[in-house]
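Participant: Sequence order for the protein chains is A and B. Heads up: the first sequence begins at 861 in the working numbering, then just goes up one per residue. Heads up: the second sequence begins at 1135 in the working numbering, then just goes up one per residue. Every residue gets a Cβ at the ideal spot worked out from N, C-alpha and C, and that includes glycine. Treat the numbers as computed from the prediction; the structure is a model and nothing was measured. Sending over a structure as structure tokens; questions will come in a sec.
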Amino acid sequence: MTFLPKPKLHHPELPTNAVGLTRRDYEGAISTLCAGCGHDSISAAIIRACFELALPPHRIAKLSGIGCSSKTPTYFLGQAHGFNSVHGRMPSVLTGANLANRDLIYLGVSGDGDSASIGLGQFAHALRRGVNMVYVVENNGVYGLTKGQFSATSDRGAKSKKGAVNADTAIDLAGLALELGASFVARSFSGDREQLVSLLKAALLHPGAAIIDCISPCVAFNNHAGSTKSYDYVRHHNEAVNRIEIITGREPIAVDYAPGTTVAVTQHDGTVLRLRKLAADYDIEDRAAAIGFLEGRRREGEIATGLLYVDPDAEDLHAHLGTIETPLNALDETALCPGADALAAINAALR
Amino acid sequence: MPQPIASVNDFVVKFANVNGSGSASANRLFARAIQRMGIPATPRNIFPSNIQGLPTWYEVRVSEAGHLGARGGVDLMVAMNPQTWDQDVAAIDPGGYLFYDSTRPVPRARLRDDITLLGLPLTEICNREYADPRERQLFKNILYIGALAALLELEIPVVEALLAEQFKGKEKLIAANLHALHLGRDQARAHLPCPIGLRLRRSDGVGDRIFIDGNSAAALGAVYGGATVAAWYPITPSTSVAEAFERYCRRTRVDPATGKNRFAIVQAEDELAAIGMVIGAAWNGARAFTATSGPGISLMQEFLGLAYFAEIPAVIFDVQRGGPSTGMPTRTQQADVLLCAYASHGDTKHVLLFPQDPAESFAFGATAFDLAERLQTPVFVMLDLDIGMNERLCAPFAWDPARRYDRGKVMGFDELESGRDFGRYLDLDEDGIPWRTYPGAHPTRGAFFTRGSSKDRYARYTEAGAAYADNMQRLALKFETARGQVPHPVRHDAPEGSRLGVLYYGSTSPAMDEAAELLAARGISVDRLRIRAFPFHDDVAAFIREHETVFVVEQNRDAQLRSLLLIEAEIDPARLKRVLHYDGTPITARFIAEAIAEHVALSRIAPLRKATP
């Protein structure tokens, strides 16, 4: 809990990034989650991704719902404003926050109960609208805080710790996000830090709705034999479609790759994502193919991870609404109030 | 047969139509024309939750004295809907008038002999005049306006001018409408006893008043109040708040240089998302609102508790309709008072504003944003269908050019940089209102975690009892601070004072003002206090103390404001008498006067007037 002090001492020669901050500057309070929880690995990956991208921590807004996953924003980016909202409703709060100030980076953190059950509607509509955000689902297939009930992402046939078998069809949040029109869809595994950090960095640079469905084992209630979200199961069934090798930001690419092994995606704001292909025929700009691919892997009992789809021409909600570049929260009376003369004219037209 | 009713500038005309037939704009034309003659006229649209084919009524109260409330009764019925013929004919006051389409003969048994029958073969005339079925329907409406003009001495040039304004630039349409208008007038003059006993005479009773619906006025208030984010979900009778906000924004909030919008409007997937977006935007420093009705408020409960507890400004326009459940979506009530006052689980209290008409809907619509940001809490603007969806004559909107938005207690970069102590829930000014920061304000200071769980004064999570209680007490203190900042009640005493007091609020206002006159004419004088906000100003309790008996007039079954008074002002229940109207129609002066007079007679309260000292 946040009253636990975290030592402020650190190595005097910790490396700094482009904005002069060390990794420690991206940390938060000490985690109160169970030892070995996948969510803590995701927090660490977020810290590393933000550090490596040299994002100013206070220009990030971190929002969450309710649940174990939604507690984690306390454990990273201590200089960022955070908002622990209500269960399943983070997407709407994030949408509103984004409308108020388009200049911040929005990081939504949620869980499978939060996003796939109580908040499935808001999950869907925030993605449909193209809210410019990174939406991370820390997906463990189980309700942790209430001690081990199945969640809606639990696979049919998966066994609970107490031996119950789940009879309901699982919701595949990545597949759903593809259907809903998210412009950046990825899946990862909290046990694969390299992949997760690179996906987070790519998502943070994506100018649209980016979702990462991150399988994150629950060591307390869903890490046993028979679970399909345990460390062992996911390690054995993880099938990455690609690796993001470098993210160049707005700088030119200067590395040579053997032809056919990599693909570069130039987004409309100029950022470039370069991916090393693992599945030879996988086209990350083909949404329909991605949907088919996911379904095929699911049928085989495999978990497809990596960047599953990206739309380089993604537009965000502000583009749809035609809002001005100045953040709405920075406008004052002179920009907002039509004034007394305009009101007199309105009155005259109502007589 | 009783004497036909004779009255100049004081009567009620009711139109019975089928919805979707285009009658609404013709009926509105009628009301507008009367107003343009300087005579106060108040229309009320009584419509079904339906788009086409069901009965709808449009009632126009003409009142030289300026009474804007519903009166009750009908002097002239314009019966254009065969489905409701019998009930419409029955609704006419004895001595009244029935104007109807006599194309097909009406059996004697379905008419009355105590009213004046004014039949004109409208369908036949239209069929003769127009070939296109849609034209036949639309011009029939204008035709009867022409006939009414002849019957009531409505000035034809005034109607002509209104048609010219309405169809400006569409000369063909103007000509066609004028033709229908004149045809109706001439047919009535030729075949009916024009004029009848009900007459219109040019007056100066309208003055500089404007004519607008409360929802549009509230939306304009939001524009003037600096709202930039609106999130909403369609629901009758509040939808037109969001629609009007968009309309006014398109007119006044588009950046001339770039063509980009200084506003963002999102039609959310439901009311939960709508209020969530409002809270997110307000947390991030934008002025944000949603507009909804009772069912929407029910859905927003959890979020409203979050906004209360995490102290986030939010403005909610609640255009109340008949409840509970789906209730009567197109009928009016004041039945969300308790729902909003105590919205959400746990100990919560919310600020409510009660506008009486469009002018106050505008004023409160703007002020609500100042209050929400000053108090860092949700503020409800409690309209209802009667003021929200009906156009009403009201004072012109006013705006002080020197007015600046009160953005409340916000620490910016400079204050944080200067080293000022920031704790999100510290009560530095001892008024219960803490300071806040916007996200992104400073690289190393001012960040905090907003949460719906309990916290200490530095926004750190805690379940320690003392810290929790400390926070709850500060919130209670903040509500006390609110008491002094919300709009004060408005008092009207009887000239000689009275031992009888009346409390009322919102759309009941015009009916209550008129009821006071009706009661005075019967020798019963009352002092009146119009409540304009919750928490209640100290004047409310003082008013109750000053009066032997106090009536609380409301448009709900359970006397919700009375309950709120009993709880919050700790009033003896015996002192507060209920006057309740809740059938979904707007409360009338006749109803209120009758209820109070009956109570006075039963309890033989005497003397009615205070003894002169």
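#1: At the 8 angstroms Cβ level, is residue 996 of chain A part of the contact set with chain B, yes or no?
#2: What in chain B is Cβ-close to residue 877 of chain A, meaning under 8 angstroms?
#3: Please identify, using Cβ separations under 9 angstroms, the residues of the segment 1180–1205 of chain A that lie next to chain B, in order along the chain.
#4: Measure the alpha-carbon distance for residue 1258 of chain B versus residue 1250 of chain B and round it to whole angstroms.
#5: For residue 1021 of chain A, which three-state DSSP category applies?
#6: Does residue 985 of chain A come within less than 8 angstroms of chain B when only Cβ atoms are used?
#7: Answer yes or no: do residue 1455 of chain B and residue 1371 of chain B have a C-beta to C-beta separation smaller than 8 angstroms?
#8: Can you tell which of B/1515, B/1567, B/1417 has the C-alpha that lies nearest to the C-alpha of residue 1573 of chain B?
#9: Do residue 1471 of chain B and residue 1695 of chain B have their CB atoms nearer than 8 angstroms?
#10: Terminal residues of the continuous alpha helix (DSSP H) containing residue 1606 of chain B?
#11: Along the chain, which unbroken stretches of the beta strand (DSSP E) at least 3 residues long are found entirely within the segment 1406–1457 of chain B?
#12: How do the segment 1617–1635 of chain B and the segment 1682–1694 of chain B stand: do at least 3 beta-carbon pairs fall below 8 angstroms, yes or no?
#13: Tell me which same chain residues have a C-beta within less than 7 angstroms of the C-beta of residue 1162 of chain A, skipping the five on either side of it?
#14: Under a three-way DSSP split, which group does residue 1141 of chain B fall into?
#15: With a threshold of 8 angstroms between beta-carbons, can residue 919 of chain A be considered close to chain B, or not?
#16: CB-CB under 6 angstroms to residue 1616 of chain B, same chain, minus the five flanking residues each way: which ones, in chain order?
#17: Report the rounded CA-to-CA distance for residue 1323 of chain B versus residue 1412 of chain B, giving the unit in angstroms.
#18: Distance, Cα to Cα, residue 1287 of chain B vs residue 1310 of chain B?
#19: Look at the alpha carbon of residue 1560 of chain B and the alpha carbon of residue 1569 of chain B, and state the distance between them as a whole number of angstroms.
#20: Name the residue from A/1053, A/1000, A/961 whose alpha carbon lies nearest to the alpha carbon of residue 1030 of chain A.
#21: Ignoring anything shorter than 4 residues or poking outside the segment 1046–1129 of chain A, list the alpha helix (DSSP H) runs there in chain order.
#22: Let me make sure I understand the geometry here. Which of B/1403, B/1383, B/1402 has the alpha-carbon closest to that of residue 1395 of chain B?
#23: In whole angstroms, give me the CA-to-CA distance for residue 1686 of chain B and residue 1457 of chain B.
#24: Measure the C-alpha to C-alpha separation of residue 1113 of chain A and residue 1131 of chain A and round it to an integer number of angstroms.
#25: Within the 8 angstroms Cβ cut-off, does residue 1389 of chain B reach chain A?
#26: Do residue 1174 of chain B and residue 1351 of chain B have their C-beta atoms within less than 8 angstroms of each other?
#27: Taking C-beta pairs closer than 8 angstroms, name the residues in chain C that residue 1411 of chain B reaches, listed in chain order.
#28: Hey, could you find the ends of the beta strand (DSSP E) residue 1190 of chain B is sitting in?
#29: Exposed or buried, residue 1658 of chain B, counting other C-beta atoms within 10 Å across all chains shown (16 or more means buried)?
#30: Does residue 944 of chain A have its Cβ less than 8 angstroms from a Cβ in chain B?
#31: Starting from residue 1178 of chain A and walking both ways along the alpha helix (DSSP H), at which residues does that stretch end?
#32: Note down the Cα distance separating residue 1551 of chain B from residue 957 of chain A, rounded to an integer number of angstroms.
#33: Please list the residues of the segment 969–982 of chain A that have a C-beta atom closer than 9 angstroms to any C-beta atom in chain B, keeping them in chain order.
#34: List the endpoints of the continuous beta strand (DSSP E) containing residue 1485 of chain B.
#35: Less than 8 angstroms separating the beta-carbons of residue 1201 of chain B and residue 1644 of chain B?
#36: Excluding five sequence neighbours on each side, which residues of the same chain lie with their C-beta closer than 7 angstroms to the C-beta of residue 1358 of chain B?
Facilitator: A quick look at the data gives this:
#1: no
#2: Ordered by position in chain B, no residue passes the 8 angstroms Cβ test against residue 877 of chain A, which lies about 14 angstroms from the chain.
#3: 1181, 1182, 1183, 1184, 1185, 1186, 1187, 1188, 1189, 1190, 1191, 1192, 1193, 1195, 1196, 1197, 1198, 1199, 1200, 1201, 1202, 1203, 1204
#4: 22 angstroms
#5: coil
#6: yes
#7: yes
#8: B/1417
#9: yes
#10: 1599–1617
#11: 1422–1426, 1448–1454
#12: yes
#13: 1097, 1099
#14: strand
#15: yes
#16: 1485, 1509, 1669
#17: 58 angstroms
#18: 22 angstroms
#19: 7 angstroms
#20: A/1000
#21: 1053–1065, 1091–1097
#22: B/1383
#23: 20 angstroms
#24: Unreliable placement is indicated for residue 1113 of chain A, whose pLDDT of 49 sits below 50; the coordinate value is still reported in the next sentence. Near 11 angstroms, if we compare the C-alpha coordinates of residue 1131 of chain A and residue 1113 of chain A.
#25: yes
#26: no
#27: Structure shown: chain C not included; protein chains present are A and B.
#28: 1189–1197
#29: buried
#30: yes
#31: 1177–1181
#32: 24 angstroms
#33: 981, 982
#34: 1485–1487
#35: yes
#36: 1500, 1533
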